[in-house]
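In our numbering, the protein residues as written are 118 to 240.
Even glycine gets a Cβ: it sits at the ideal position worked out from N, Cα and C.
I have placed the structure first, in the form of structure tokens, so that the comments after it can refer back to it.
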Amino acid sequence: MFRTSDIVLIAVMVAAAAMTYSIKRDAEEQLDAVRRLQVQIRTEEDTIDLLKADWSLLTQPSRLQKLVDRYQAQLGLEPVNPHQFAGLDVLPPRPLTIEDITSADASGLSDELLDPTKTGAVE
């Protein structure tokens with residue numbers, strides 16, 4: 118008949134076969150999920166392309182001009198005059214960049230960059 122070692126080896130082989138089947142099934146499920154995601158991504162990319170095409174059609178200057186002409190009385194649109202733009206004196210100063218800060222010693226900006234607040238740790 119069968120020896121104990123034969124029964125143990127048969128049990129190990131059955132367990133290995135079951136584990137192999139389980140791993141294969143999980144891998145196939147994951148592959149199906151990846152394929153579904155790829156299809157979804159492709160669909161979303163096609164939708165984005167379609168929306169970009171729609172946007173380019175909707176924002177054509179000739180179309181917008183026709184809409185302005187048609188609805189000018191209702192919207193009260195008028196051409197922009199030069200005095201409606203802000204001057205350079207109204208704009209806030211441009212923030213300092215890293216290059217401005219690192220070259221501050223050479224240009225004399227280092228005194229402006231220092232914090233004037235004195236604490237107890239500084240004499």
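Roughly how many angstroms lie between the CA atoms of residue i and residue j, to the nearest whole one?
i    : j    : result
D123 : V129 : 10 Å
P196 : R187 : 15 Å
E161 : L154 : 10 Å
I158 : I140 : 27 Å
L175 : V151 : 36 Å
D171 : I165 : 10 Å
L192 : D149 : 54 Å
L58  : A133 : The first residue shown for the chain is 118 and the last is 240, placing residue 58 beyond what the model contains.
D143 : V156 : 20 Å
E216 : P209 : 20 Å
P212 : S220 : 15 Å
A190 : Q201 : 21 Å
Compute the beta-carbon to beta-carbon distance between residue i and residue j, rounded to the nearest angstrom, for a pair I have assumed lies under 8 Å.
i    : j    : result
L194 : V207 : 24 Å between Cβ atoms; not a contact.
With a CB to CB cut of under 7 Å and the five nearest residues on each side skipped, what residues in its chain are close to residue i?
i    : result
E146 : none
R180 : none
D163 : none
So, for residue i: in the same chain, excluding its five sequence neighbours on each side, which residues have a beta-carbon less than 8 Å away from its beta-carbon?
i    : result
P178 : none
P199 : none
T137 : none
Keeping to the same chain, check which residues put their C-beta closer than 6 Å to that of residue i; ignore five residues upstream and five downstream.
i    : result
K183 : none
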